[in-house]
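Asks: If you scroll down you'll find the structure; I have some questions about it.
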Amino acid sequence: MSDRAAPFHCPYCGDEDLRPSEEGRGAWECGSCARAFRLSFLGLLSGPRTGHHEGGTTA
Numbered sequence: 003m004s005d006r007a008a009p010f011h012c013p014y015c016g017d018e019d020l021r022p023s024e025e026g027r028g029a030w031e032c033g034s035c036a037r038a039f040r041l042s043f044l045g046l047l048s049g050p051r052t053g054h055h056e057g058g059t060t061a
């Protein structure tokens, strides 16, 4: 088991019935929706984060 944090919820169904998968590092299985997925860290973002909308308004 790695020292990374584990996910709390399935990204597909939102359930908490998760367990590490035998598929390797970062792989998880959801017992609720029977999906398997892999998590990985891509890196840090450069510069400050801004909102989804930069200026402007919607009508």
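Numbering (my numbering), first residue to last: 3 to 61. Note that beta-carbon positions come from the ideal geometry of N, C-alpha and C, so glycine has one too. Here the structure is a predicted model, which means the values were calculated and not measured.
At the level of alpha carbons, what is the spacing between residue 26 and residue 20?
Replies: In the sequence shown, the residue the question calls residue 26 occupies position 24. In the sequence shown, the residue the question calls residue 20 occupies position 18. Going by the C-alpha atoms only, they are around 15 angstroms apart.
Asks: Using CA coordinates, which residue listed in 24, 37 and 28 is at the minimum distance from residue 14?
Replies: For the purposes of this step, residue 14 is taken as the residue at position 12 of the sequence shown. Out of 24, 37 and 28, 37 has the C-alpha closest to the C-alpha of residue 14.
Asks: Could you pull the start and end residues of the beta strand (DSSP E) that residue 31 belongs to?
Replies: Position 29 of the sequence shown, counted from the start, is the residue given in the question as residue 31. DSSP places residue 31 in the uninterrupted beta strand (DSSP E) bounded by 29-32.
Asks: Return the Cβ separation of residue 17 and residue 34 in integer angstroms, given the expectation that the two are a contact with Cβ distance under 8 angstroms.
Replies: In the sequence shown, residue 17 corresponds to position 15, counting from 1. In the sequence shown, residue 34 corresponds to position 32, counting from 1. Contact between residue 17 and residue 34 is confirmed by a C-beta separation of about 4 angstroms, below the 8 angstroms threshold.
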